[in-house]
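Using the working numbering, read the sequence shown as starting at 1 and increasing by one per residue.
One structure is given below, encoded as structure tokens.
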Amino acid sequence: MNILILDLRDLNKGLADAARAMQTGKADPCARIGFATPELLWQVLTAKRWELLKAMCGAGPMSIRAAARRVNRDVKAVHSDITALIAAGVVCRNQDGQGQVQFPFDAVKVEFMLQAA
């Protein structure tokens, strides 16, 4: 299963993971996108964008208009959300020349822990 893990990690942790993968030749079996703070994660992963990811999960390439139909939302609003998700590296543009986008994962896992101050 192709899984995307969204987690909280600072730059040093991300660089250490990359260095370990280069030294061992073994990468993490899951794709990871790290956010510096929980606030940044929730700024990128809003409720509407989460709904959009659920609709796109495992569906393959689609136009922004098709994605908007799946979630019953305005095309312009979905376009804004897709643009933000592309900038965060969560969604990608297809290189087919037809302007399609894709969430290339079968599942999403969000990992973070809330601790007492």
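Glycine residues also receive a C-beta, built at the ideal position from the N, C-alpha and C atoms.
Check: What residue range is occupied by the uninterrupted beta strand (DSSP E) comprising R9?; Outcome: Here R9 belongs to no beta strand (DSSP E), and DSSP marks it neither H nor E.
Check: Taking buried to mean at least 16 other C-beta atoms within 10 Å of its own C-beta, is A16 buried or exposed?; Outcome: exposed
Check: Here's the rule: buried if 16 or more other CB atoms are within 10 angstroms of the residue's CB, otherwise exposed. What is L4?; Outcome: buried
Check: For the beta strand (DSSP E) containing A31, name the first residue and the last one.; Outcome: 31-35
Check: So who's on the other strand from L4, going by DSSP bridges?; Outcome: A31, V108
Check: Using three-state DSSP, classify R70 as helix, strand or coil.; Outcome: helix
Check: Check the C-beta distance from A61 over to Q100 and give it rounded, since I have them as a contact under 8 Å.; Outcome: It should be noted that the sequence gives Pro, not Ala, for residue 61. At roughly 4 Å, the Cβ-Cβ gap stays under 8 Å, so P61 and Q100 are in contact.
Check: Can you grab the Cα-Cα spacing for the pair F103 / L40, in whole Å?; Outcome: 20 Å
Check: Identify whether M56 lies in helix, strand or coil by the three-state DSSP scheme.; Outcome: helix
Check: For the candidate residues L52, V108, R73, whose alpha-carbon lies nearest to that of A84?; Outcome: L52
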